[in-house]
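Peer 1: Chains as they are written, first to last, in the numbering used here: chain A, 1 to 422; chain B, 1001 to 1375. Where a beta carbon is used, it is the ideal one built from N, C-alpha and C, also for glycine. Small disclaimer: the values here were computed from a predicted structure and weren't measured.
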Amino acid sequence: MVALWKRNKIIFVFIIAIFLMFPTALSKESIAYTHLICVAIGIDKQEEEYEISLQVVVPKQSNAFNQTLKVVSAKAETVKEAVDEIKYHVGKEIGFAQCGFIVFNEEASKENILLPIDYLIRTHNLNYNCILVTTDKSANKILELNGNFGQSYSFDLNRILEYNERNLFATNSNIEHAYRSYLSPNKAFATSLVSATDDKSEGVEGEKSSSGQGSGSDSESGGSSGGSSGSGSSSGGNDKEKFLSNQGKLALYNAGKMVEIVDNKEINGIEYLNPYANDLAIKVEDFTSGIFNNATIEIEVIGKKCSYHHKIVGDKLKYKCNVLLYLKLNDINQEDGYEELLDPNKDYFTEELVEQIKKQEAERVQTSINKLKELNLDFVNVYDSFNRWLYDDFQKYLKQQNHSEDYFQNTDFEVDFTIISD
Amino acid sequence: MKKLLTTNQICCLIMLVTISNKLLVLPALMYQNVGVDAIWVVVLKLILALVVFWVFALIATKFPNKTLEDILVPYIGKFFYGLLLLLFGVFYFLKTALTLVEGEMFLRETIYVDLTSELYAIPTFVVAGYFIYKGINTIGRTNETLIKIILWGVFLTILLTLPNLQLETLLPMFTSSADDFTRAFSYISMWFGNYFVIFLFLGKIQMREHFISQVIKSYVKSAILVIIFFAVYYAVFGTSSPMHNYAISDVVTLTPQLSSLIKIDWFTVIFYSFALIMQVILQLYMVFYCLKWILKIQHTKLTVSIFIGLLALMYLIMPYSVQHIITFCSETIGFYCFLLNLIFPILITIIYLVKRKLEKNREGEKVYGGTLEKE
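(1) Does the structure place the segment 1096–1115 of chain B close enough to the segment 1294–1308 of chain B that three or more beta carbon pairs sit under 8 Å?
(2) From residue 1207(B) to residue 159(A), what does the alpha carbon distance come to, in whole angstroms?
(3) State whether the segment 1327–1345 of chain B contacts the segment 1117–1131 of chain B, with contact taken as three or more CB pairs (one from each stretch) at a distance under 8 Å.
(4) In the DSSP assignment, the alpha helix (DSSP H) including residue 1148(B) goes from what residue to what residue?
(5) Residue 1197(B) to residue 1007(B), Cα distance in whole Å?
(6) Exposed or buried, what is residue 401(A) when buried is set at 16 or more other beta-carbons lying within 10 Å of its beta-carbon?
(7) Which residues in chain A sit within 7 Å of residue 1238(B), going by Cβ to Cβ distance?
(8) Give, in chain order, every residue of the segment 1140–1174 of chain B whose Cβ lies closer than 7 Å to some Cβ of chain A.
(9) I'd like the list of long-range same chain contacts for residue 1165(B), defined as Cβ closer than 7 Å, with 5 residues on each side in sequence excluded.
(10) For residue 388(A), decide whether its Cβ has a neighbour in chain B, counting only Cβ atoms nearer than 8 Å.
(11) Do residue 385(A) and residue 308(A) come within 8 Å of each other at the CB atom, strictly closer than that value?
(12) Rounded to whole angstroms, what's the CA-CA distance from residue 1104(B) to residue 145(A)? Just pull it up for me.
(13) At what residue ranges does the segment 50–119 of chain A contain a whole run of the beta strand (DSSP E), taking only runs of 3 or more?
(14) Step through the CB atoms of chain A and report whether any lies within less than 8 Å of the CB of residue 1253(B).
(15) Taking only the alpha-carbon atoms, compute the straight-line gap between residue 1355(B) and residue 1074(B) and give it to the nearest angstrom.
(16) Any beta-carbon of chain A closer than 8 Å to the one on residue 1365(B)?
(17) Out of curiosity, what's the CA-to-CA distance linking residue 46(A) and residue 141(A)?
(18) Using only CA atoms, which one of 1352(B), 1217(B), 1030(B) and 1214(B) lies nearest to residue 1190(B)?
(19) Please decide whether residue 154(A) counts as near chain B, where near means a Cβ-Cβ distance under 8 Å.
(20) Since residue 1243(B) meets chain A, which of its residues come closer than 7 Å, beta carbon to beta carbon?
(21) Buried or exposed for residue 1018(B), please, with buried defined as at least 16 other CB atoms from any protein chain shown within 10 angstroms of its CB.
(22) When DSSP labels each residue in this structure, what does residue 164(A) get in the three-state scheme?
(23) Below 8 Å between beta carbons is the criterion; list the residues of the segment 1105–1124 of chain B that meet it against any residue of chain A, in chain order.
(24) Please list the terminal residues of the continuous beta strand (DSSP E) segment that includes residue 1023(B).
(25) Is the CB-CB distance between residue 1219(B) and residue 1050(B) below 8 Å?
(26) Give me the residue from 125(A), 114(A) and 111(A) with the minimum Cα distance to residue 1113(B).
(27) According to DSSP, is residue 28(A) part of a helix, a strand, or is it coil?
(28) Taking buried to mean at least 16 other C-beta atoms within 10 Å of its own C-beta, is residue 1331(B) buried or exposed?
(29) Rounded to whole angstroms, what is the Cα-Cα separation between residue 1353(B) and residue 1059(B)?
(30) Do the CB positions of residue 39(A) and residue 100(A) come within less than 8 Å of each other?
(31) Taking 8 Å as the CB-CB cut-off, is residue 186(A) touching chain B?
(32) Residue 123(A) by DSSP, collapsed to three states: which one?
(33) Do residue 1229(B) and residue 1023(B) count as a contact pair if the criterion is CB distance below 8 Å?
(34) Please report how far the alpha carbon of residue 1253(B) lies from the alpha carbon of residue 1247(B), in whole angstroms.
(35) From what residue to what residue does the beta strand (DSSP E) around residue 260(A) run?
(36) Verify whether the separation of the beta carbon atoms of residue 1294(B) and residue 1085(B) is less than 8 Å.
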């Protein structure tokens, strides 16, 4: 035995370790008994109180893989107290690492939203990919409607938000991006604005799925009911509102606080200045020239390249962007002379049309810039661009200016389009 | 003298000490001081280390049978050699504490939320104790296997971050003042200066042909990987870099496509755990060597067990906070570590040059003597 021990010491130590640890591992409680997994957070502020709503996954034993989404909420003076309140009521720790998005109602978003987020990151390991979203209704209501989408994943607020990021804004609206903007001198970032509506044409309905199909998505607000005063209530809002509405609106933030809600169309001209934005569409209305007669022309931007030339002239920053656009005609809508348009060999991008596009889109950029200048929000990253490429001159310029935060107001934008048709 | 390490093993150890300690909190810490210029601080540090490893390779080939003690003691005496070991012993002791607390927080934040200090420290110290007892031959062989996983892991991590790279974030460069630059250069010395441990293996290496070029190649490969990692980290996070304390896992978790499919940071935890354990083993081996020499104790099961037991106890009962240890290692003693890291290479280079000159003179005398005899 001693010889065997001497020859196989490592194996014996390994076996002893397994025997020691095996009972400990077996007797350990399953994580599902001790933790709730939070997939979305809603933060509502009403007067001086926060209502925190958490959309949590409650695993159920079943033959099929099945999850139940529930919304639990609590009210308290601070986010921490509200989260603690929820923990007391559900009797479990809450895991935030899988959280997909955080919804803020308008009142909550008027205060620095990065403060409650900072608390959740520091103490609850919230992940940086979590998408931020603002609502003009109650955040609790948005979570409820999202929960009602069920498990088919045909509709899901996360996907809607990802679509917005990819196709409408061409920029991220997650925590990481918000922090990066907050810590940089321009301090501006944007989130999607989603709403709840009772108009079917404006949104996607959050239907309850049939529980018989094993995809029961059960939404229940006020999960913490019965708790101490002020907890467990829900500000679910109007029950008629059963459609989740995404109309491409944006909530604009400066230094963590929401300053304005704008329609995407008001500021989407700046996407021409964003090298990463490629999902653009052009609409030329009431165009009459050559074969076109009072036509509405829909054009798709299939490719885009930007080159930048920055200069500092006197007390003005000159931001010049040359944009090369690859365009494809999508649709022409005109009542008279339609037969002429059916010729497949015809080049529709006449000189006049190209000029009209250039003029119209340059105006679109300018309108967007004017709107941002009005709000003094540097979404174009003027500061970063000048700081990167003209560091010394730009720093000198900022020192010379009495109000260095007005650099954006003192920037002249010039956009030159070059158009190549498909 | 018994040759305990092969050329390949020493090259692998050089790779380990080059990468070790640098891929967790260091990138965030450096960004706070000098922004993106941190890359150049790292480049400069690594160039200095390149010179040191080159000197090491020269000494190892020139005096293949001489240990560090044989080389240093005739010139600086036993007292100063002991003092040098004491200083490096303390340096490596603090470095081990830093590695251990960084590692514990890393594992707790990324994978084991309920990890207790006992559950982390006891197995780590037991494994480290076993390796120290078995000696450098076992450490070298194990590291030879694990270093491939570690290097490929870092390489793959860099590849996974490519979708998030925004290279323009690295601009503007060279904007920090000379003061900030030099302060950062000295503050981070605790995370560098791992080369002393390699000098301990002088006289114990079975040298192959092209030993010098192999040492330099291994070092350059791992140094380039470190520099690329720093550049990638800053290109991914930009201004939010100081918020991401666990660089190696944070850079991959930012890819939403990956993080929604799998817990991608598990992959980094697995390979980086190997790096962590090897770092701890090597650093503790160094501390034990210094103590052994100073206290004139034997390398036995009992002495290693007492050493490891005391350290484990100290780790478990000492009240500490990660932030305090990091601040202590950077701001409080960073400059002294910098001096220590500077003194040793200068000393060893001077001694090498003097020794080489003496040898040449001796050879010259022999030739001259031979000629006279013939005449």
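Peer 2: Answer, in terms of the structure:
(1) no
(2) 60 Å
(3) no
(4) 1136–1160
(5) 16 Å
(6) exposed
(7) 180
(8) 1168, 1171 and 1172
(9) 1232, 1235 and 1236
(10) Closer than 8 Å: yes.
(11) yes
(12) Rounded to the nearest whole angstrom, the CA to CA distance from residue 1104(B) to residue 145(A) is 41 Å.
(13) 67–76, 93–95 and 101–105
(14) It does: the Cβ of residue 1253(B) has a partner Cβ on chain A nearer than 8 Å.
(15) 11 Å
(16) no
(17) 14 Å
(18) 1030(B)
(19) At residue 154(A) the pLDDT is 47, less than 50, meaning the model places this residue with poor confidence and gives no usable figure here.
(20) Against residue 1243(B), the close residues of chain A are 179, in the order they occur along the chain (beta-carbon pairs closer than 7 Å).
(21) buried
(22) In the displayed model, residue 164(A) falls within a helix according to three-state DSSP.
(23) 1109 and 1113
(24) Residue 1023(B) -> no beta strand (DSSP E), and no H or E assigned at all.
(25) Between residue 1219(B) and residue 1050(B), the C-beta spacing is below 8 Å.
(26) 125(A)
(27) coil
(28) exposed
(29) 10 Å
(30) Between residue 39(A) and residue 100(A), the gap from beta carbon to beta carbon is short of 8 Å.
(31) no
(32) helix
(33) It is a contact, given that the beta carbons lie within the stated cut-off.
(34) 10 Å
(35) 257–263
(36) yes
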